Structures are given as structure tokens and as C-alpha cells.
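Asker: Residue numbers (the working numbering): 16 to 165.
Yeah, the Cβ is synthetic: ideal placement off N, Cα and C, and Gly gets one too.
Note that this is a predicted model, so its numbers are computed, not measured.
#1: Go ahead and label residue 138 buried or exposed: buried means 16 or more other beta carbons lie within 10 angstroms of its beta carbon, across all protein chains shown.
#2: Roughly how many whole angstroms lie between the Cα atoms of residue 21 and residue 101?
#3: Looking at the structure shown, is residue 147 part of a helix, part of a strand, or coil, going by DSSP?
#4: Under DSSP, the beta strand (DSSP E) around residue 78 begins and ends at which residues?
#5: Determine the closest residue to residue 114 out of 51, 34, 142, with distance taken between C-alpha atoms.
#6: Considering just the uninterrupted stretch of the alpha helix (DSSP H) at residue 123, what are its terminal residues?
#7: Let me check understanding here. Comparing Cα to Cα, which of 46, 159, 151 lies closest to residue 63?
#8: Do the CB positions of residue 154 and residue 71 come within less than 9 angstroms of each other?
#9: Nearest by alpha-carbon distance to residue 130: which of 61, 98, 77 is it?
#10: Which residue or residues does DSSP assign as beta-bridge partners of residue 73?
#11: Taking the alpha-carbon positions, what's the residue 50 to residue 157 distance?
#12: Short check: CB of residue 160 to CB of residue 126, under 9 angstroms?
Structural data, given as C-alpha cells:
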């Protein structure tokens, strides 16, 4: 994958990840967690790899910095640990939408380890990782005034 630190969209990220599927590895097997981690770690935007149920399997340094956790602390957390309660209430509907549409883009809020809440744009896509459906999540931090327009 190109080593620039900015990615315009989650679709661009997925395209770059798929370009790096190891020769001989089938598309149905998809990517592997280690190669995803190497590819996303240098990116400036927070990126997570999660289970369909919302458990964090991997993330990049930017995700750790923005949410205030070490890598070891954040692995295994639930998406519910990373969002405020008012956003958590709509997660079941968003999961259904995500499964139906193979991904989504939605304004939401993130929650730092210390409890601070911040506006985000969350983009998700379903991808194959080691022959299992997983969720790739890219977070864009929004300015406070843009977050209030919804």
C-alpha cells in the first residue's frame, strides 16, 4: 500500500488493501489482520477492524490517540465503549443498515477514555478477513459547528 498518511475515503482504503492481498490468497479468504494492521497504522484517520458484533480486533495509532487508549487496552473493547449512550441506542438499527447495504456513512459521536465526547463521521464497509465477514471502520473528526447541522 502507498505509505501516504491520508486516505480520501473508506472505499479508497479498501481498494488499497485489496491491492495488497498476498499472491495465492483467494479473494474469498480476503485479507489478514496482520497485513491490515501494517497498512492502516501509518494513516492519520482513526481506523478500526471490528467483528460484526462491534468488538475491536485491530486499529491504528490514530484510533488509540483519538480515543485515549493504548493498543492493548482498546483491543477487545466494544463499539459501545467508544460512543456515548445516546448514540448507543441507535446502534442496532445501524447494524441492520450496514449488513443490508454492505456499509454506511453516518454522523455520530465518539467518546474518549476520559469521557469527553467529540463529533465524528463514521464510514463502515464489510470486508472478508481470514474468510470471515468483518467491519472496517474509518473515523473522520468533525468540527463542532458542522456536527450541529444535523
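Answerer: With the given structure in hand:
#1: Counting the other Cβ atoms within 10 Å of the Cβ of residue 138 gives 16 or more, which makes it buried.
#2: Looking at the two C-alpha atoms, the distance is approximately 30 angstroms.
#3: It is a strand residue.
#4: Unbroken run through residue 78 is the alpha helix (DSSP H), 76-82; no beta strand (DSSP E).
#5: Nearest C-alpha to residue 114: 142.
#6: Where residue 123 is concerned, there is no enclosing alpha helix (DSSP H), although the beta strand (DSSP E) it sits in stretches over 118-126.
#7: The shortest C-alpha to C-alpha distance from residue 63 to any of 46, 159, 151 is the one to 151.
#8: It is not a contact, given that the beta carbons lie outside the stated cut-off.
#9: The option with the nearest alpha carbon to residue 130 is 98.
#10: In DSSP, residue 73 forms a bridge with 64.
#11: For residue 50 and residue 157, the distance between alpha carbons rounds to 28 angstroms.
#12: Contact: no.
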